[in-house]
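One structure is given below, encoded as structure tokens.
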Amino acid sequence: MVEYSVDLKLLQETTDRIERLVRDITTAIETVHSDVAAPCQEALMGQTGDAFQDRHAQWSELITRANGEMAEMRAAAQRAHDNYSAAKSANRAMLGR
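Laid out in structure tokens, this is it:
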């Protein structure tokens, strides 16, 4: 018989790492915007300013989407942890352990 098990501790550690990564990405985006993007948008004019704004908007959209996808991965990992924990508890209860 093949045994199947999930390392709940490792799954929780992975979930926590994803959460920290999302938080770090968010902080980095805010820093880049306040330290670089906002001053550049104010200083650049004409074609250069327009090009910068267009590129910054594209970058912001992509990074926001990636950040959202990371948050979804974290939520899925947390759901998996919760489901596996509940199944483990239910199995133990059924077996009287």
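For the sequence shown, our numbering begins at 1 and goes up steadily by one.
From the three backbone atoms N, C-alpha and C, an ideal C-beta is built for every residue, glycine too.
Exercise for the section: Can you say whether Ala37 is buried or exposed, counting buried as having 16 or more other CB atoms within 10 angstroms of its CB? Expected result: Walking along the sequence shown from the start, residue 37 turns up at place 37. Classification for Ala37: buried.
Handout entry: Close beta carbons around Ser85, own chain, < 7 angstroms, minus the five adjacent residues each side
Key = Residue numbering aside, residue 85 sits at position 85 when the sequence shown is read from its first letter. Within the same chain, Ser85 has close Cβ partners Leu8.
Handout entry: Spatial distance of Gln41 from Arg55 (CA atoms)
Key = Taking the sequence shown and counting its residues from 1, the one referred to as residue 41 is at position 41. Taking the sequence shown and counting its residues from 1, the one referred to as residue 55 is at position 55. Near 11 angstroms, if we compare the C-alpha coordinates of Arg55 and Gln41.
Problem - Beta carbon of Glu19 nearer than 8 angstroms to that of Arg74 - result: Within the sequence shown, residue 19 is the residue found at index 19, counting from 1. Within the sequence shown, residue 74 is the residue found at index 74, counting from 1. Cβ distance < 8 angstroms, so Glu19 and Arg74 count as in contact.
Problem - Presumed contact (8 angstroms Cβ cut-off) between Thr15 and Ala77, rounded CB distance - result: Translated into positions along the sequence shown, residue 15 becomes position 15. Translated into positions along the sequence shown, residue 77 becomes position 77. That pair is a contact at about 4 angstroms.
Problem - N- and C-terminal bounds of the alpha helix (DSSP H) containing Val2 - result: Mapped onto the sequence shown, residue 2 falls at position 2. Premise fails: Val2 is in no alpha helix (DSSP H) and is neither H nor E.
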